[in-house]
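A.B. asks: Starting off with a structure, shown below.
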Amino acid sequence: MDKKNTASVTNKSNNNLSVKESLVNYYLVLMFTVFPLFFTDEFFNIRHDKYGLFLGLSAVLIVSVAGIVVYTKTVENSSPRDDIKKQGGLKRSFSVPDYAMIAFLIFSAVSTIFSNYPLDALFGTAGRNNGLILIAFYAGIYFVITRFMNFREYIFISLAIASSAVFILAVLNCFYIDPLGMFSRLTDAQTINDFTSTIGNKNFLSSFICIMLPVLMALSVLSKNGNLRILYLAASGFGFMALMTSDSDSGILGLGVFGIIYFIWFVRNIKRLKRYFLTITVMLAFGKLLRLISFFMNDNSKDMDQFQKFFVYSNLSYILIAGCVVITVLLYILDFKKPNIVLPKAVPVTAGIIFSAGIIGIISVMIYFSVFDTETNLGSFEKILRFNDAWGTHRGYMWIRALEHFGCSNFMQKMFGCGPDNFYYAFSPYFHGLMQYGDSSTNAAHNEYINYLITHGITGTAAYLTLLGGVIARAVKSAKENPMTVICVAAVICYAVQAIVNIAQPLTTPLFFIFIAMTEAFSRQTLPLKSK
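Numbered per this note's numbering, the sequence shown spans residues 57 to 588.
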């Protein structure tokens, strides 16, 4: 994306930034660089470190922008209503995601007020600080970014560099190389295996990867600057290496679904499709570098799951890489001889039908082996295809019991939940069952949507899902005119998928809400163009 293209798709008449726009851009740079790498006491306080940093940076941005707006209106002797009238009235000024974000905040506040533990719901102290305060800041930055962002390429350049640093640290940590001394005071082997880089728990690193890697992959395809595409390709490769070391199913799930969706999205345009396969090829090749590093480290590394081992250690993965190389070369030759080829709409439609049929097939097989045939030995596929209490590192137990609790709860709890991040209290009657899996308690369902259903109720969950659906739908509508929405919504989609088996927390979820805001900001700047 060169500056000319960026300016045109964001509907800006000049390249000059206002103070408000500059503040938003600087905030984004800090959140994409300092925030992921920030810590004060190794892993011991890392969640609170990032929680405090996010609140601090966001407070400065919100207060500064609000102050400038009020001062400007005072000097100009106008009011916010004047701006609303200029934009065509209140209905024209607000979008579905805007209303959904407001509703999510309001329902979270109601949930907090009626909670049996309102202070815990306010601060999220019974869980991972996902209380009303954090949600209020999510809403605040959403409205600041959607109204005042004027994108510049340096935002994503800084994201690529900082993310690469996080990825490389994860790879080094996988081989017990600790340049930052993060493990110097840890003695428990399991803790050392579960924590990594400057993010913390490997599941949270997986969440971080599911936010940043899709953006980097999309940039590798859509960026018009050849030098920057090289940067984004390298960063994508490092991201895939980190994903292999994170040993987390959520990342594989999120990136797998995202990869298929973007194949369907790019398949009509040969120019984009060739870059997509080049990106996949580079990522797979970088994954093989882990095998080389492992060789020189005498195979002294953290353990990987079988799925990750296939990409790193299996000789069969060379066939996959070779296939991607051949496809990439053929697509480059085709695009060179016949540039600007666009395939019929039937191609992505057919690919989408095949993908949907595959998903339906997998779900059908899971239902069959979970309900009708619970005896057949499925071997290594047991943990995937048979849903029971032990499924997904006993996520099945937590999901089933959480839904049982929801079914037995009273009307107010069904509607508004037990309070933001108060899952611990709702699930406490089922703690005894966790002991058979080596746990004595839990403060999360390990499924963000079930977690929201218990803590925020039907109203809060519906508002949250409307926010996600609205942002994605508007991004799809504006994608043809503005590829920036395609890039930003990549993070939203991938995170939303991995959230099925992961946890919301202040280490990576703030970045997710930032990309929600950025996606909507680009949609707001583009959709008016489509109506003209």
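C-beta atoms are modelled at their ideal positions from N, C-alpha and C, and glycine is treated no differently.
Let me know the secondary structure DSSP gives F100 once reduced to three states.
C.D. replies: In the sequence shown, the residue the question calls residue 100 occupies position 44. Three-state result, F100: coil.
A.B. asks: Can you find at least 3 beta carbon pairs, one from the region 208 to 220 and one from the region 75 to 86, that sit closer than 8 Å?
C.D. replies: Segments in contact, yes.
A.B. asks: Is the beta carbon of A177 closer than 7 Å to that of P92?
C.D. replies: The count along the sequence shown starts at 1 and reaches residue 92 at position 36. The count along the sequence shown starts at 1 and reaches residue 177 at position 121. Contact flag unset, no.
A.B. asks: Could you spell out the range, first to last residue, of the alpha helix (DSSP H) harbouring D561?
C.D. replies: On the sequence shown, position 505 is the one that residue 561 refers to. Checking the displayed sequence, the identity of residue 561 turns out to be Gln instead of Asp. First-last for Q561: undefined, no H or E at that position.
A.B. asks: Let's test the definition: count the other Cβ atoms within 10 Å of the Cβ of C550 and tell me whether it reaches 16, buried, or not, exposed.
C.D. replies: The residue given as residue 550 occupies position 494 in the sequence shown. Counting Cβ neighbours within 10 Å, C550 comes out buried, since at least 16 surround it.
A.B. asks: In whole angstroms, what separates the C-alpha of G526 from that of Y155?
C.D. replies: Along the sequence shown, read from residue 1 onward, the residue named residue 526 stands at position 470. Along the sequence shown, read from residue 1 onward, the residue named residue 155 stands at position 99. Distance between the alpha carbons of G526 and Y155: 10 Å.
A.B. asks: Measuring straight from C-alpha to C-alpha, what distance separates M24 and A519?
C.D. replies: With the chain running from 57 to 588 in the structure shown, residue 24 is simply not present.
A.B. asks: Alpha carbon to alpha carbon, how far is T582 from R328?
C.D. replies: Reading the sequence shown from its first residue, position 526 is the one you call residue 582. Reading the sequence shown from its first residue, position 272 is the one you call residue 328. When rounded, the distance between both Cα atoms is 21 Å.
A.B. asks: Determine which residues share a DSSP beta bridge with N325 and list them.
C.D. replies: As a position in the sequence shown, residue 325 is number 269, starting the count at 1. V398, per the DSSP bridge assignment.
A.B. asks: In whole angstroms, what separates the C-alpha of L161 from that of L523?
C.D. replies: Taking the sequence shown and counting its residues from 1, one reaches residue 161 at position 105. Taking the sequence shown and counting its residues from 1, one reaches residue 523 at position 467. About 11 Å.
A.B. asks: In this structure, how does DSSP classify G196 when only helix, strand and coil are distinguished?
C.D. replies: Within the sequence shown, the letter at position 140 stands for residue 196. Correct three-state label for G196: helix.
A.B. asks: Is it right to say V557 is buried, meaning 16 or more other beta carbons lie within 10 angstroms of its own, or is it exposed?
C.D. replies: Taking the sequence shown and counting its residues from 1, one reaches residue 557 at position 501. Counting Cβ neighbours within 10 Å, V557 comes out buried, since at least 16 surround it.
A.B. asks: Out of D250, L399, A341, point me to the one whose CA is closest to L289's CA.
C.D. replies: In the sequence shown, residue 289 corresponds to position 233, counting from 1. Among D250, L399, A341, the Cα nearest to that of L289 is on A341.
A.B. asks: In angstroms with no decimal places, state the Cα-to-Cα distance between F411 and T430.
C.D. replies: Start at 1 with the first residue of the sequence shown, and residue 411 comes out as number 355. Start at 1 with the first residue of the sequence shown, and residue 430 comes out as number 374. Looking at the two C-alpha atoms, the distance is approximately 27 Å.
A.B. asks: What is the rounded straight-line gap between the Cα of D495 and the Cα of L278?
C.D. replies: Residue 495 sits at position 439 when you count from the first residue of the sequence shown. Residue 278 sits at position 222 when you count from the first residue of the sequence shown. D495 and L278: Cα-Cα distance of roughly 45 Å.
A.B. asks: Spatial neighbours of M360 within its chain, please: C-beta separation below 6 Å, excluding the five flanking residues on both sides.
C.D. replies: By one-based count along the sequence shown, residue 360 stands at place 304. For M360, where only same-chain residues beyond five positions count, the Cβ hits under 6 Å are D303.
A.B. asks: So, F571 versus N538, is the Cβ gap smaller than 7 Å?
C.D. replies: Looking up residue 571 in the sequence shown gives position 515. Looking up residue 538 in the sequence shown gives position 482. Taking 7 Å as the Cβ cut-off, F571 and N538 do not qualify as a contacting pair.
A.B. asks: Please return the same chain residues whose Cβ sits closer than 8 Å to the Cβ of L225, not counting the five positions on each side in sequence.
C.D. replies: Counted from its first residue, the sequence shown places residue 225 at position 169. Here the set comprises P235, L236, T252, S253, T254.
A.B. asks: So which of E77, G256, G295 has the shortest CA-CA distance to I35?
C.D. replies: A query on residue 35 cannot be resolved here, the shown segment of the chain reaching from 57 to 588 and no further.
A.B. asks: Tell me the rounded alpha-carbon separation between A458 and K106.
C.D. replies: Within the sequence shown, residue 458 is the residue found at index 402, counting from 1. Within the sequence shown, residue 106 is the residue found at index 50, counting from 1. Answer to the nearest angstrom: the Cα atoms are 29 Å apart.
A.B. asks: Please look up how many angstroms separate the CB atoms of K439 and D391, rounded, as I've assumed it's under 8 Å.
C.D. replies: What you label residue 439 is simply residue 383 of the sequence shown in a count that begins at 1. What you label residue 391 is simply residue 335 of the sequence shown in a count that begins at 1. That pair is no contact at about 42 Å.
A.B. asks: Between the alpha carbons of Y127 and A115, how many angstroms are there, rounded?
C.D. replies: Position 71 of the sequence shown, counted from the start, is the residue given in the question as residue 127. Position 59 of the sequence shown, counted from the start, is the residue given in the question as residue 115. Spanning the two alpha carbons is a distance of roughly 18 Å.
A.B. asks: Is the CB-CB distance between R442 and F425 below 7 Å?
C.D. replies: Stepping through the sequence shown from its first residue, residue 442 is reached at position 386. Stepping through the sequence shown from its first residue, residue 425 is reached at position 369. In contact: R442 and F425 (Cβ atoms closer than 7 Å).
A.B. asks: For N81, which residues does DSSP report across the bridge?
C.D. replies: Looking up residue 81 in the sequence shown gives position 25. In the DSSP output, where bridge partners are listed per residue, N81 has none listed.
A.B. asks: What are the residues that DSSP puts in a beta bridge with N34?
C.D. replies: Residue coverage of the chain in this structure runs from 57 to 588, which leaves residue 34 outside it and unanswerable.
A.B. asks: Below 8 Å, how does it come out for the region 395 to 411 and the region 307 to 322: are there three or more Cβ pairs, yes or no?
C.D. replies: Taking 8 Å as the limit for Cβ pairs, the verdict is that the region 307 to 322 does touch the region 395 to 411.
A.B. asks: Going by beta-carbon coordinates alone, are A560 and N186 separated by less than 7 Å?
C.D. replies: Working through the sequence shown from its first residue, we reach residue 560 at position 504. Working through the sequence shown from its first residue, we reach residue 186 at position 130. Yes.
A.B. asks: To test your reading of the DSSP string, which unbroken alpha helix (DSSP H) runs of 4 or more residues are found completely within the region 482 to 538?
C.D. replies: For the region 482 to 538, whole alpha helix (DSSP H) runs of length 4 or above, ordered along the chain, are 487 to 490, 504 to 534.
A.B. asks: Pop quiz: E576 and T181 are said to be a contact at Cβ under 8 Å. What is the actual Cβ separation, rounded to whole angstroms?
C.D. replies: Indexing the sequence shown from 1 puts residue 576 at position 520. Indexing the sequence shown from 1 puts residue 181 at position 125. Not a contact, Cβ separation roughly 30 Å.
A.B. asks: Which residue's Cα is closest to the Cα of L334: S171, Y388, G475, I423?
C.D. replies: One-based indexing of the sequence shown puts residue 334 at position 278. For the residues S171, Y388, G475, I423, the minimum Cα distance to L334 belongs to Y388.
A.B. asks: Could you check what DSSP says for S164 in three-state terms: helix, strand or coil?
C.D. replies: Walking along the sequence shown from the start, residue 164 turns up at place 108. Helix.
A.B. asks: For the alpha helix (DSSP H) containing A182, name the first residue and the last one.
C.D. replies: As a first step, residue 182 is located in the sequence shown; it is residue number 126 there, counting from the start. Per DSSP, A182 belongs to no alpha helix (DSSP H) and is neither H nor E.
A.B. asks: Counting C-beta neighbours from all protein chains within 10 Å, is the total for N354 16 or more, i.e. buried, or is it exposed?
C.D. replies: Numbered from 1 along the sequence shown, position 298 holds the residue referred to as residue 354. Exposed.
A.B. asks: Classify R208 as helix, strand or coil using the three-state DSSP reduction.
C.D. replies: As a first step, residue 208 must be located in the sequence shown, where it is residue number 152. Coil, per DSSP.
A.B. asks: Among residues of its own chain, excluding the 5 on either side of G513, which ones have a beta-carbon nearer than 7 Å to its beta-carbon?
C.D. replies: Start at 1 with the first residue of the sequence shown, and residue 513 comes out as number 457. These residues qualify, in order along the chain: S167, Q469, K470, M471, F472, G473.
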